[in-house]
Each structure stands twice: as C-alpha cells, then as structure tokens.
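Protein chains in written order, with our numbering: chain A, 3 to 277; chain B, 5 to 483.
Structural data, given as structure tokens:
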C-alpha cells in the first residue's frame with residue numbers, strides 16, 4: 003500500500019495557505035503520493051494582493067539588505083541539503099546529479115545575492131546631454147511578476163526562474179506544476195530567509211486552468227514564461243496582456259545582466275545646473 | 005505712452021518645393037504605389053492642400069518588405085563604422101537643409117516655425133549624430149551576451165513631431181544594423197518624403213530605408229506582415245494595445261511609446277515665476293500635442309490663488325496664430341479631427357463643473373485653432389483630469405501634503421513623464437523616487453536630448469528611445 007506522505011500548502015504573503023477551493027492534486031514521486039494545492043482563480047487574486055504588499059516591502063529594503071536576505075536563503079538551502087537531495091532522487095535523479103543540482107542552486111543564489119547591490123551600477127548611467135543639466139537614468143523594479151517555472155526536476159532551474167525578478171526588487175508569484183513538491187519544499191526555506199511576506203509567493207496548480215485569469219489580471223505587471231507552452235497559449239497570453247499593456251516574456255535569459263532586463267523600468271531625471 | 009503696433013515677421017515658404025503628388029520610397033527610389041490611391045495633405049493653418057501622397061496598401065507593404073530584405077543583405081555585411089558614416093552624412097545634410105525642413109514641417113503640421121526651427125530640426129540632426137557614433141560600439145554598450153539586430157523593423161510615427169519622431173526611430177534602428185520600413189502619420193508625411201530624398205543623396209544602399217505613406221490601414225498592413233521582426237510605434241495607447249494584440253501570435257519585438265497625462269507638481273517652496281514659465285512650456289509647447297505634456301498642474305493648496313493669477317497673466321501673453329510668423333507661440337491644431345476631440349473634452353470639463361479660463365486672443369478665420377485653456381476647480385474624476393486631451397488645455401488639481409501630491413500624480417493608468425517644482429533638493433529626490441514615470445523633469449520641463457532615454461511606465465508603453473538604453477529597443481537579447 004502506498005501511503006500519502008504529506009499535504010503541502012501554497013506559500014502566499016508569508017503564510018502557508020490551502021487553496022480556498024479545498025482542491026488538491028496528486029504528484030507521484032517514486033511511488034509516493036504528495037497532495038498539493040490546485041490553485042484557484044480566487045487564490046491567484048489573493049496572491050496578487052499579497053504580492054503588491056510584498057513588492058512595496060521588498061523594494062524599499064536597501065540593496066545591501068536585499069543581498070543579505072538572498073545570501074541567507076542560500077544558507078537555508080545548504081542546511082536542508084539532504085532533504086532536497088532525497089526529493090530530487092525520488093524524482094529520478096541519480097545521487098550525483100541531485101547533489102550537483104543543489105550545489106548549482108546554491109551558487110545561483112550566491113550570484114544573485116551579490117548582484118542585488120550592483121546591477122544598478124551596470125544598467126544606469128549619467129547621460130551627457132547638451133546643455134546645463136544633470137541628467138541621470140536609473141532603474142526600478144516593474145512590480146508584481148508572475149513566473150511560470152520550467153518545471154524540470156531541478157532546484158537550480160526553479161531558483162533561476164525566480165531570482166532575476168526578485169533581485170531587482172519585484173515581487174514574484176512563482177507558479178509550479180510537475181515540480182510543485184520541490185517548490186513548496188523550497189517555500190519553507192524562503193519563509194526562514196527574512197524575505198518580507200509576499201515578496202516571493204509559491205503556488206502549485208495547473209496553468210492551463212488559470213491562464214485566462216492570470217493574463218487578464220491588470221495588477222500583474224509582467225509574466226515570464228520559462229516553460230515550453232503551446233503557441234495558442236502564448237497567443238492568448240499576449241492578447242489578454244494587451245488590455246493593460248502587461249509585459250510578456252517568453253523564455254527570457256536566466257543568467258547574466260540580460261536576465262534582469264525584463265524586470266526593470268528606466269527612470270530618467272533631469273535637473274538644471276546653475277548658481 | 006503709445007504702445008507699439010505689432011509687426012509680424014513671416015518666414016518665407018519659398019525655400020520649399022512641394023510636388024503635386026508623391027509615390028512611395030522603395031528599393032532606394034520613389035515609385036508609384038500599387039494602390040493608385042492618394043490622400044491629400046493640407047496645411048492645418050490655412051486648410052490649403054499642399055500635396056497628395058500615396059495611400060499604401062498591403063501590396064505596397066509587401067514590396068517594401070521585399071526591398072528591405074535586399075537592403076538587409078547589404079546592410080548586415082557593412083561594418084559598424086561604415087554604417088556610422090552614412091548616419092553622420094545624413095546628420096550633416098539635415099543640418100545643411102534644416103531651414104527647408106523646418107518650413108515644410110510648419111506648413112504640413114501647423115507648429116510654430118520658432119519650434120520647428122529651434123527645437124525639432126536641431127534635435128533631429130543631433131539624433132543622427134548621436135546614434136551614428138554607436139554603430140561601431142555596440143559591443144561596448146551593454147554587458148550582455150548575444151545582442152543582435154532584429155532585421156526588418158516596421159516603424160509607425162505620429163503627427164506631433166513628424167521628422168523628430170522619424171529620427172528617434174530611424175537613427176537607432178539603422179545604427180544597430182536593422183533596416184527600416186517607415187509609415188509616417190497620415191496628416192504629416194512631407195518631411196519624411198524629403199528625408200527619403202536625403203537617403204538617395206547620401207547613397208544609402210537601396211532597401212535600407214523604405215517609406216510607405218498612407219493611413220491607419222497602411223499601418224495595420226505593416227503590423228500584420230509576418231516578415232517584420234520588430235514594431236516600434238509612437239502614438240495613442242489605444243493603437244498601442246491594438247498592436248500588442250495583433251502581434252500576439254508572433255515572436256516579435258515591440259517598442260510602444262504611448263499616451264500620457266503628466267502631473268506637473270508645484271510645491272509651495274518652488275521659485276514661483278520659474279515654475280509658471282515651466283508650467284506654460286509644459287502644456288503649451290507644440291499646441292499641447294505632446295505625449296509627455298504636463299497636462300495636470302498639481303498645485304499645493306496654499307499657493308493656488310497666487311499661482312493661478314500669475315499663470316493666467318502669463319497665458320494672456322501667448323501669441324496664437326500663423327505658425328510661419330516667427331513670433332508665434334502657439335500654432336494650428338494639427339487636424340480637424342483633433343480640434344473636434346479637444347473641443348468635446350473641454351466642453352465636457354465645463355459641464356462637469358470645472359472653472360474654465362481662456363485667453364483673449366483672436367483666432368484666424370481659416371484653419372484649426374484652439375485658445376490656450378486652463379481649468380481650475382477640477383476634480384480628479386473629471387475626464388479632463390484623466391484623459392489625454394493632446395491640446396493646449398491644462399487642468400489644475402490641488403494637494404496639501406507631499407504624500408497627497410504623489411497619490412494624485414500616480415493616480416492614472418499612464419506613466420510617461422512628470423514635473424517637480426521645489427527649491428529643496430531632498431524633496432526633489434524624495435518625490436522623483438515615488439513618481440511612476442519614465443521621465444521626470446525637476447525645475448524644468450519638456451527637455452529632450454538624444455542621449456537621454458525616453459519612454460513610459462504602465463500604460464504609457466514599454467521600451468526606451470534615446471541614450472544607451474534606446475539601443476536595447478533595436479537589439480534582440482538571445483536567451
């Protein structure tokens with residue numbers, strides 16, 4: 003007899019919550035069954051409210067502080083190395099591959115943690131305008147970002163689909179399907195990492211059931227799709243996005259300065275010089 | 005004491021030579037459009053017909069795309085420095101013929117010669133100079149891997165700054181190695197046609213710059229063409245949304261520079277006389293046909309009466325009339341359609357309960373004109389406080405605290421620009437951090453430069469034009 007191991011909850015607004023619908027779906031890993039929430043439309047709306055607050059609280063932390071919070075997340079991951087290794091092995095990875103993936107995941111967090119207080123120096127600059135003006139362009143976070151994760155059984159991929167938006171100060175609603183157990187496990191470490199509630203929200207469900215609601219939601223500023231989806235789904239997302247000029251990114255880069263480009267807005271400020 | 009009589013000073017239009025009919029510019033030469041249809045372009049200050057330009061159809065767009073494909077073969081083989089030389093040459097030629105361009109712009113669009121001569125044309129040349137220099141330094145521009153040109157870029161530009169918007173689009177696109185199909189606005193095609201002649205003169209390889217004149221249907225055909233890999237559009241938010249929707253089934257790049265309803269915030273510690281000048285420039289520049297116009301005056305309550313008195317006095321001195329008169333401050337409204345839209349929104353503002361002030365100026369008999377207009381006692385819910393009027397109409401809202409100023413200013417779906425007037429440096433930075441807008445002018449307004457990125461937050465669009473950031477609008481990041 004297979005036993006049901008654990009019922010996971012969504013992680014929204016810094017709290018573990020069940021789907022308001024009460025619905026779950028089952029994920030099988032190595033003959034074990036896990037029940038994870040089947041996120042509903044209402045759950046998404048609630049998550050956006052939480053993420054809006056999360057964005058306000060996260061973006062106002064100093065870059066130095068953001069670096070430390072992200073670094074702490076890597077410490078949490080290291081501390082739970084064996085748990086992740088077991089989950090990845092249950093998902094079919096060899097012991098060596100599982101270990102390698104977790105090491106890479108830790109390195110990815112370290113890279114982004116150190117980026118949080120530097121990227122603005124690489125994306126912003128003084129503009130040499132003709133005239134007696136001080137003119138500077140710097141960048142701000144877009145707002146609430148929905149990410150559809152690649153859903154490969156990889157902790158590193160999972161993190162690389164959240165970190166670019168998070169690092170620049172966006173709040174993230176990370177949506178997971180096949181890799182939900184891994185993602186909801188990660189939520190426990192996120193909860194212990196001092197990220198403000200709502201900055202990073204982890205949800206599980208079936209994207210195809212929510213695609214209309216998510217792409218129509220005007221308070222989601224951007225969607226980053228890191229998973230291969232059907233062309234008609236891409237079209238639907240972009241059509242709905244056009245109602246509020248939502249920014250849509252299909253398979254954006256996950257490393258390098260260019261990984262941050264989708265999630266930032268350039269603000270340019272002018273001031274005259276004079277006596 | 006006797007007042008001196010006003011003496012006009014008219015710029016001669018003999019410098020321009022406008023033909024009766026124009027074709028479309030494809031394969032490096034002017035050709036007859038397949039449509040065989042023409043649209044008349046008039047001078048909005050006299051309603052005189054200036055010329056007829058081709059109404060490009062789908063087949064014309066197809067021809068332009070074929071031409072662009074050939075152009076891309078040549079253009080992509082040139083080194084950055086070779087591309088730069090063409091752009092430098094264009095810049096120089098624009099400077100040399102700037103008076104001709106300025107007069108043509110004023111005739112076709114109705115803007116004061118003072119502005120086309122002293123603002124539009126110098127900026128146009130500057131844009132070509134600036135982006136010319138980037139063409140052979142793209143590898144130094146960003147610490148990002150795999151930046152590549154899109155290929156064939158479709159560009160659709162508005163009627164408020166016809167040649168300037170051409171330069172904002174064409175210069176960076178060509179510098180980054182793309183080729184261009186440009187669709188100018190229906191009511192202001194003439195300076196783009198003259199620009200095409202310049203492209204011939206500098207020997208730009210055929211197909212690198214293509215021009216198809218026409219109306220909305222021409223633009224739609226361009227947007228729908230499957231071989232276009234990037235659309236750059238400046239215009240209304242409504243059309244921007246249409247373009248995003250229409251291109252939803254394709255993997256293409258989009259830059260949308262759309263509408264605005266900018267707040268121009270005046271704090272009680274501002275230098276009042278300077279702020280009055282800035283507010284006047286912010287809304288009445290180019291008849292208020294400016295997407296980043298400071299159309300909402302957000303005024304601290306305790307200086308309201310003093311400020312409005314000074315503002316009305318200053319507005320009375322604005323000279324409205326013949327745009328070719330070098331003394332004219334406010335020219336003609338660009339079209340009958342636009343005049344009707346402004347009139348209807350202003351009438352609604354009065355009906356809703358706003359207090360209207362208009363200057364005592366006399367308006368010419370022919371052409372399209374609108375008096376400089378100020379609304380006070382307006383509520384944030386009024387249409388004049390929310391919708392882009394795109395005319396010489398300023399709406400006043402008041403606030404008590406800086407927090408309230410931010411709330412009022414950000415309470416719009418737009419986020420293109422904003423203004424801040426205060427003598428206190430820390431307050432400028434505090435306010436600028438909180439305003440959701442892509443361009444913020446502090447103790448100044450409506451300043452532009454090729455090196456300074458321009459573009460909006462929220463429903464004012466996405467992507468930037470100008471500066472190092474403007475390059476990213478024409479370079480694809482490969483994942």
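Every residue, glycine too, gets a C-beta built ideally from N, C-alpha and C.
On a predicted model such as this, the values are computed, not experimentally measured, just so you know.
Using a cut-off of 7 angstroms between C-beta atoms, extract the partners of residue i located in chain A.
i             : result
residue 463/B : 246 and 247
residue 147/B : 124 and 259
residue 277/B : Those do not exist, as residue 277/B stays about 14 angstroms from chain A at its closest Cβ, beyond 7 angstroms.
residue 245/B : 244, 245 and 247
Would you kindly check if the distance between the Cβ of residue j and the Cβ of residue i is under 8 angstroms?
i             : j             : result
residue 286/B : residue 114/B : no
residue 239/A : residue 250/A : yes
residue 338/B : residue 214/B : no
residue 262/B : residue 155/B : no
residue 30/B  : residue 55/B  : no
residue 298/B : residue 268/B : yes
residue 261/A : residue 254/A : yes
residue 186/B : residue 94/B  : no
residue 461/B : residue 436/B : no
residue 273/A : residue 46/A  : no
residue 264/B : residue 421/B : yes
residue 505/B : residue 99/B  : Coverage of chain B is limited to positions 5 through 483, which leaves residue 505/B absent and any answer about it impossible.
residue 64/B  : residue 174/B : no
residue 97/B  : residue 139/B : no
residue 166/B : residue 327/B : no
residue 280/B : residue 303/B : no
residue 176/A : residue 205/A : yes
residue 376/B : residue 396/B : yes
residue 111/A : residue 161/A : yes
residue 13/A  : residue 224/A : no
residue 140/A : residue 269/A : yes
Can you name the residues that DSSP bridges to residue i?
i             : result
residue 329/B : 14/B
residue 249/B : Answer is none; residue 249/B lacks a bridge partner.
residue 304/B : 403/B
residue 139/A : 127/A and 270/A
residue 203/A : 175/A
residue 570/B : No answer is possible for residue 570/B: the residues shown for chain B start at 5 and end at 483.
residue 249/A : 224/A
residue 380/B : 359/B
residue 9/A   : 37/A
residue 334/B : 324/B
residue 236/B : 159/B and 259/B
Would you call residue i buried or exposed, if buried means 16 or more other Cβ atoms sit within 10 Å of its Cβ?
i             : result
residue 248/B : buried
residue 478/B : buried
residue 320/B : exposed
residue 277/A : exposed
residue 392/B : buried
residue 11/B  : exposed
residue 19/B  : exposed
residue 51/B  : exposed
residue 28/A  : exposed
residue 263/A : buried
At 8 angstroms on the CB atoms, spell out the chain B contacts of residue i, in chain order.
i             : result
residue 1/A   : Lying outside 3 to 277, the shown extent of chain A, residue 1/A is not represented and no answer is given.
residue 209/A : Per Cβ cutoff of 8 angstroms: no residues; residue 209/A is ~17 angstroms from chain B at best.
residue 263/A : 148, 476 and 481
Which bits of chain A does residue i rub up against, with CB to CB less than 9 angstroms?
i             : result
residue 69/B  : Those do not exist, as residue 69/B stays about 22 angstroms from chain A at its closest Cβ, beyond 9 angstroms.
residue 451/B : 131, 133, 135, 137, 272 and 274
residue 466/B : 247, 249 and 267
residue 293/B : By Cβ distance, chain A contributes nothing, its closest Cβ being about 21 angstroms from residue 293/B, past 9 angstroms.
residue 130/B : 132
Show which residues of chain B have a CB atom less than 9 angstroms away from the CB atom of residue i.
i             : result
residue 35/A  : Those within 9 angstroms of residue 35/A in chain B number zero; the least Cβ separation is about 35 angstroms.
residue 255/A : 148, 149, 150, 481, 482 and 483
Could you tell me which chain A residues have their CB closer than 8 angstroms to the CB of residue i, listed as they occur along the chain?
i             : result
residue 448/B : 135, 272, 273 and 274
residue 436/B : 269 and 271
For a contact meaning CB atoms closer than 7 angstroms, what does residue i contact in chain B?
i             : result
residue 240/A : 248 and 252
Runs of alpha helix (DSSP H) wholly within the segment 112-177 of chain B (minimum 4 residues, chain order): With a minimum length of 4 residues, the continuous alpha helix (DSSP H) runs that stay inside the segment 112-177 of chain B are 125-138 and 142-145.
Any chance you could list the beta strand (DSSP E) runs of at least 3 consecutive residues sitting entirely within the segment 12-95 of chain A, in chain order? Complete beta strand (DSSP E) runs here, min 3: 12-14, 17-19, 26-31 and 34-39.
Residue ranges of each beta strand (DSSP E) within the segment 48-82 of chain B, 3 or longer: Within the segment 48-82 of chain B, the complete beta strand (DSSP E) segments of 3 residues or longer fall at 53-58, listed in chain order.
What residue ranges within the segment 245-293 of chain B form continuous alpha helix (DSSP H) runs of no fewer than 4 residues, ordered along the chain? Those alpha helix (DSSP H) runs which fall completely within the segment 245-293 of chain B and span 4+ residues are 276-288.
Within the segment 388-474 of chain B, ranges of the beta strand (DSSP E) (whole runs, at least 3 residues): Entirely contained in the segment 388-474 of chain B, the beta strand (DSSP E) runs reaching 3 residues are, in chain order, 397-403, 421-425 and 443-446.
Between the segment 145-159 of chain A and chain D, which residues of the former have a C-beta closer than 8 angstroms to a C-beta of the latter? Note that chain D does not occur in the displayed structure, where the protein chains are A and B.
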